[in-house]
Amino acid sequence: MRTFTIAYRNIYRNTRRSLMTVLAIAVSSVSVLLFGGNILSIIYTLQTGYVRTSGHIHIYKSGYSRYGATNPAAYSLGDYEQVLRTITADPQLQSSVRAVMPFLYFQGIAGNFAADTSQAFSGIGILPSIFDRFAGWDDYHLKVTKTDISTGLKDADATGGVVGYGMADRLDLCGPLRLDDCPPRPEPKKKPGKNVPAMDFSALTESDFPAGTSAQDAGSARLDLLAATSGGAPNVVTLNVRKAMRMGSKAFNDGLIIMNLKLAQQLVCGRAEKKVTGLMLQLDHTKDIPQTLGRLRAILPGDDLEIKSFQEVRPMYGQTISMFATIFGFVAFIMGVIVLFTTVNTMSMSVMERINEIGTARALGLRRSDIMRQFVAEGFLLGVIGTTLGAVAALAISGAINWAEVTWTPPDYATPVFLSVHLFLQPLFLPACWLGLVAVATLSSLIPARNAARMMIVDALRHN
Amino acid sequence: MPESEIIVRLKDIHKTYMLDKVEVPALKGITTDIYKKRFNVFIGQSGSGKTTLLNIIGCIDTPSRGSIEICGQDVTALSDDELSDFRARHIGFVFQTFNLMPVLCAYENVEYPLLLTKTPASERRDKVLLALEKVGLLDHKDKLPNELSGGQRQRVAIARALVKKPALVLADEPTANLDHKTGKEIIELMQGIQASGETTFIFSTHDRNLVYNSEDLFMIMDGTIL
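Chains as they are written, first to last, in the working numbering: chain X, 1 to 464; chain A, 1 to 226.
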């Protein structure tokens, strides 16, 4: 049977009605695709941000995730260099691991005594060259922000570090760092009474630095960092702030200091054994996480170490995906309902107009199932045409949005990110949406098709 | 006439319709035989039951009571799908209102029954062109029904009914929507085709003048054959 030829001609027969139906399906298709494409962009941008700053896999001392926050000294990793050597020497891991880096996470107080300012901070000690290599990860070829997220620090620069823009502003480092876009700072009112000069702890740190380095380099801003050592004693080091960076999250932008691991260990470990919080591994591809986790658990002592993916370390990532999946599901459902009602309405009208034809076709020998197939084919064709038009339009619109490089600032972010729509980040996304809407249009025609197929032939032939 | 010449055997055919809650008898125990290769005419006034009888013979309606054999097959025992297949193979229809598929051209309308019987494409083309030639519409084969006159449409319908060489062609008042002259032409065309072929025609009309020379006349009145 020429089912699709006849279906196409019947669609073409009532051009205006078919056009409206196709447009409704196309608009639904565009909405689902653009919204889904934007959600995919957000999710993959989020993942890229996490992976660039903290890798795919973290290795901690066993128990760190439960008790590390309250007792970091007890749950720091002492023999991390041995772990590092085991990882880098493993031939299986070499094919998937892009970079491995020890890191030390701690908290303390940063003071700019020249400006009489101080604030609590979160600090992370890293290996600058590897950290900047992390920042270059771009598995999905996404343009995330206009901002350069590499620190620019040198491994040999033992006292160098970077701070967030917000922190630089709070600690009055805008002048020394030559930051042009800091908001103007009001002059502090002098308190009456004794004028006590601010304490400068930098002298305490001089003896701790290797020969040939000084606590403060010329041409950089200086911060004195105060933290408790693993033994519980207060310790102070001087950080030469090389630049202020725009960090993604507002919390980081206002309170994070990234510094050389050596300086962080100097501050936190003092003269004791140099430990780290853990190791972070960055893989070439996120999809390699399960097999890499398996391999790491096989070659590393499982009882002593916690090996976690970034999704486990940052549950907010999974929660964000769940939230967006729910919203997308709701929007897709609404669009599906629109397609359903539009198609049911169109097909019901079509059946009503063609009762006599249905009777004739049945009299000539068409079975009920043939009649049903005929109308379902029309619903299918309407779905295919509408959804394909919608997909083409969505591709064009997404291209225009990405080309325009529109930016927006997500909640609790300090820097704007690109508003982008990517339809191919998940290879199955576009085909699945296409198939889903075509399926809805096809299934929508089942009820009118069933009504058509169940007509009594003589009644249908009497109808004019 | 020998039994083997019977194409339709009607035994005590009753048909009752429900009009709201009132039973309306349309056929009241019709028993008759219809013979092969004849031009049979059912004549009766409007409401006499001839359309109901043709619908039952055409297997598009079922009797309330009684049995009907067509080509030796008891069609009252067939399922809906089997009836569809039976109609596709053995019965051609010519309707009062032509009932051509508006989205198909004349050629495609005639081809339609052959698609149902899964006739091979090459054979199909020859049969369609021959059928259109018989009704004199070869030059109009690419026209849609709305581009044809009433008489031309009915000719296409006749070609469609005949193209699969059915055992039986049912024509329910095929001239009712045509002027007298065109109606006469259509009847003569059908009679000519019937005379030169293997097909049995069953034709219904309320106009006796149209079929005065028919050899098999059945007079229907109030649901019975007189």
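Idealized CB from N, CA, C, for every residue including glycine. If you're wondering where the values come from, they're calculated on a predicted model, not measured in any experiment.
Just to confirm my understanding: we take residue i, look at its own chain, exclude 5 residues before and 5 after, and list those with CB closer than 7 Å. What are they?
i	result
His140/A	Ala106, Leu148 and Gln152
Arg17/X	Thr346 and Met349
Ser62/X	Asp303, Asp304, Leu305 and Glu306
Ala73/X	Ser230
Lys243/X	Gly152, Val162 and Leu177
Ser214/X	Confidence in Ser214/X is poor, its pLDDT being 45 and thus under 50, which makes the residue's placement unreliable; the coordinate value appears in the next sentence. Once the five neighbours on either side are set aside, Ser214/X has no close Cβ partner at all.
Leu129/A	Leu138
Just to confirm the assignment, what range does the alpha helix (DSSP H) spanning residue i have?
i	result
Glu133/A	Ala121 to Lys134
Ser46/A	Note, Ser46/A: premise wrong, no alpha helix (DSSP H); not H, not E.
Val162/X	Element bounds for Val162/X: not the alpha helix (DSSP H) but the beta strand (DSSP E), Gly160 to Gly164.
Lys275/X	Unbroken run through Lys275/X: none, as it is neither H nor E.
Asp224/X	Looking at the DSSP string, Asp224/X is not in any alpha helix (DSSP H); the run it does join, the beta strand (DSSP E), is Ala221 to Ala228.
Lys118/A	No alpha helix (DSSP H) holds Lys118/A; DSSP gives it neither H nor E.
Asp148/X	Counting along the chain, Asp148/X falls outside any alpha helix (DSSP H), and DSSP gives it neither H nor E.
Val438/X	Phe429 to Ser444
Val339/X	Pro315 to Glu353
Quick one: what's got a C-beta closer than 6 Å to residue i's C-beta in the same chain, skipping five residues either side?
i	result
Ile220/A	Phe42, Gly44, Ser48, Gly49 and Lys50
Arg362/X	Ile457
Ile70/A	Val8
Asp216/A	Arg38 and Asn40
Leu251/A	Nothing about residue 251/A can be reported from this structure: the residues present for chain A run from 1 to 226 only.
Gly386/X	Val22, Ile25 and Ala26
Leu145/A	A quick correction: the sequence has Pro, not Leu, at residue 145/A. The residues are Leu100, Pro102 and Arg153.
Tyr60/X	Gly278 and Glu306
Asp61/A	Asn55
Lys15/A	Ala26, Leu27, Thr52, Pro63 and Ser64
Asp139/X	His285
Thr182/A	Gly151
Ser129/X	Asp155
Which residues bound the beta strand (DSSP E) around residue i?
i	result
Gly66/A	Arg65 to Ile70
Tyr105/X	Val97 to Asn112
Ser122/X	Thr117 to Ile126
Ala156/X	Segment: none, Ala156/X is in no beta strand (DSSP E) and carries neither H nor E.
Ser54/X	From DSSP, Ser54/X is part of no beta strand (DSSP E) but of the alpha helix (DSSP H) over Thr15 to Ser54.
Ile257/X	Leu256 to Asn260
Between residue i and residue j, how many whole angstroms is the CB-CB distance? I'm expecting something under 8 Å.
i	j	result
Val163/X	Gly49/X	Actually they do not touch by this definition, with Cβ atoms about 19 Å apart.
Gln282/X	Arg98/X	5 Å
Thr147/X	Arg246/X	5 Å
Phe328/X	Gly37/X	With a Cβ gap of about 10 Å, Phe328/X and Gly37/X do not count as contacting.
Leu137/A	Ala167/A	Between Ala167/A and Leu137/A the Cβ distance is about 24 Å, and since that is not below 8 Å, they are no contact.
Pro120/A	Val163/A	Rounded, the Cβ-Cβ distance is 14 Å, inconsistent with contact.
Thr442/X	Leu300/X	Not really, about 52 Å apart at Cβ, beyond 8 Å.
Leu364/X	Arg208/A	Between Arg208/A and Leu364/X the Cβ distance is about 30 Å, and since that is not below 8 Å, they are no contact.
Using the DSSP secondary-structure output, state which residues sit across from residue i in a beta bridge.
i	result
Arg185/X	DSSP, once it has assigned bridges, lists no residue as partnering Arg185/X.
Tyr413/X	Ser249/X
Ala171/A	Val94/A and Phe203/A
Val22/A	Leu19/A
Leu239/X	Leu223/X
Pro234/X	Ala228/X
Arg373/X	DSSP, once it has assigned bridges, lists no residue as partnering Arg373/X.
Val8/A	Ile34/A and Ile70/A
Asp216/A	Asn40/A
Ser309/X	Ile57/X
Ala244/X	Val163/X
For residue i, is the beta carbon positioned less than 7 Å from some heavy atom of the ligand GDP?
i	result
Gly386/X	You won't find the ligand GDP in this model; it holds no ligand whatsoever.
Go through its chain and collect everything with a Cβ distance to residue i's Cβ below 8 Å, but skip five positions before and after it.
i	result
Ala218/X	Confidence in Ala218/X is poor, its pLDDT being 46 and thus under 50, which makes the residue's placement unreliable; the coordinate value appears in the next sentence. Cβ neighbours of Ala218/X beyond the five flanking positions: none.
Ala233/X	Gly270
Ala211/X	With a pLDDT of only 46 at Ala211/X, under 50, the local geometry of the prediction cannot be trusted, and no value is derived from it.
Tyr67/X	Ala74 and Tyr75
Leu178/A	Gly150, Gly151, Gln154 and Ile186
Asp254/X	Gly164, Gly166, Met167, Arg170 and Ala414
Residue i touches chain B at which residues, Cβ-Cβ below 7 Å?
i	result
Asp20/A	Annotation note: the requested chain B is absent from the structure, which comprises protein chains X and A.
| task | Pull out every residue of the stretch 45-60 of chain X whose Cβ sits closer than 9 Å to any Cβ of chain A, in chain order. | result | Cβ contacts with chain A: none found.
| What residues in the stretch 356-374 of chain X have a beta carbon less than 9 Å from any beta carbon of chain A? | Listed by position along the chain: Asn356, Glu357, Gly359, Thr360, Ala361, Arg362, Ala363, Leu364, Gly365, Leu366, Arg367, Arg368, Ser369 and Asp370.
| said: Taking beta-carbon pairs under 9 Å, can you tell me which members of the stretch 91-103 of chain A lie near chain X? | reply: Ile91, Gly92, Phe93, Phe95, Thr97, Asn99, Leu100, Met101, Pro102 and Val103
| query | In chain order, what residues of the stretch 106-117 of chain A put their CB closer than 7 Å to some CB of chain X? | reply | Taken in chain order, the members of the stretch 106-117 of chain A whose beta-carbon sits within less than 7 Å of a beta-carbon on chain X are Tyr112, Pro113, Leu115 and Leu116.
| said: Taking beta-carbon pairs under 8 Å, can you tell me which members of the stretch 55-72 of chain A lie near chain X? | reply: Asn55, Gly58, Ile60 and Asp61
| query | Using a Cβ cut-off of 9 Å, which residues of the stretch 9-32 of chain X contact any Cβ in chain A, in chain order? | reply | Arg9, Asn10, Tyr12 and Arg13
| said: For the stretch 433-459 of chain X, list every residue whose C-beta sits within 9 Å of some C-beta in chain A, in sequence order. | reply: Met456, Ile457 and Val458
| query | When Cβ atoms are compared, which residues of the stretch 74-85 of chain A fall closer than 8 Å to chain X? | reply | Per Cβ criterion, the list reads Asp80, Asp81, Ser84 and Asp85.
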